[in-house]
């Protein structure tokens with residue numbers, strides 16, 4: 132399926148890498164006229180090369196002043212993809228510190244609230260918003276307390292925003308990926324151990340992990356998720372709103 136975002140203005144958070152960069156690229160290739168890109172990694176954000184106009188904002192999505200500045204630009208949005216998030220510390224609840232808990236909640240819920248509020252304020256009538264949740268928000272796993280709770284919260288925020296936006300025909304949906312081949316794994320200690328087991332072979336480590344976690348035996352690419360996000364943001368998704376597209380290869384079954 133091909134998508135047409137000609138003349139559209141879009142917001143993408145967490146845009147510098149992974150799923151965010153893949154969605155920004157896909158929107159630009161589908162004809163988007165202007166992308167407002169937000170990320171805390173200034174170097175990667177500046178390195179993006181896209182065939183459309185861009186406005187770059189480097190900062191923490193949990194910083195209200197960042198969103199005050201973006202809202203102050205006043206340009207209306209046709210679509211928004213709210214993707215910024217972190218995995219945080221993997222530990223049982225009994226061993227988790229409040230600092231570790233708050234670090235994840237700050238980005239994944241405070242940051243999502245602020246970016247969602249800004250997107251709704253700037254949205255045109257008939258706009259579409261997609262939020263990155265996770266299969267961790269629908270399936271409980273030990274050691275995923277802050278991340279899983281924050282992503283369950285993201286799913287509920289999408290539902291609430293969808294109901295509030297319906298009178299203006301603003302659609303809001305979430306996507307809940309399972310394992311995706313992005314750099315988020317590289318910050319996790321257990322993945323470093325798995326790579327060491329495979330003599331540093333990252334793809335070998337990912338494949339072993341996918342076969343153990345996912346009935347379909349593989350993880351998705353960021354580009355595959357990007358096409359699913361574009362569907363949710365496009366007119367092809369019709370009146371779909373308040374839903375969560377679980378795209379996890381059967382992990383949550």
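In the working numbering, the protein residues as written are 132 to 384. Cβ coordinates follow ideal geometry from the N, Cα and C atoms, glycine included. These figures come from a predicted structure and were not determined experimentally.
Spatial distance of residue i from residue j (CA atoms)
| i | j | result |
| --- | --- | --- |
| residue 289 | residue 160 | 26 Å |
| residue 242 | residue 235 | 10 Å |
| residue 209 | residue 281 | 26 Å |
| residue 199 | residue 260 | 19 Å |
Reduced DSSP secondary structure (H/G/I, E/B, other) of residue i
| i | result |
| --- | --- |
| residue 191 | coil |
| residue 291 | helix |
| residue 320 | helix |
| residue 173 | helix |
| residue 230 | helix |
| residue 244 | helix |
| residue 158 | helix |
| residue 315 | helix |
| residue 214 | coil |
| residue 167 | strand |
| residue 261 | strand |
| residue 179 | coil |
| residue 186 | strand |
| residue 250 | helix |
Assigned exposure category for residue i - 16 Cβ within 10 Å defines buried
| i | result |
| --- | --- |
| residue 228 | exposed |
| residue 188 | buried |
| residue 268 | buried |
| residue 230 | exposed |
| residue 384 | exposed |
Within 8 Å, strictly: CB atoms of residue i and residue j
| i | j | result |
| --- | --- | --- |
| residue 214 | residue 150 | yes |
| residue 164 | residue 357 | no |
| residue 225 | residue 264 | no |
When the options are compared against residue i, the one with the closest alpha-carbon
| i | options | result |
| --- | --- | --- |
| residue 146 | 167, 366, 338, 276 | 167 |
| residue 219 | 320, 291, 148 | 320 |
| residue 171 | 190, 375, 364, 371 | 190 |
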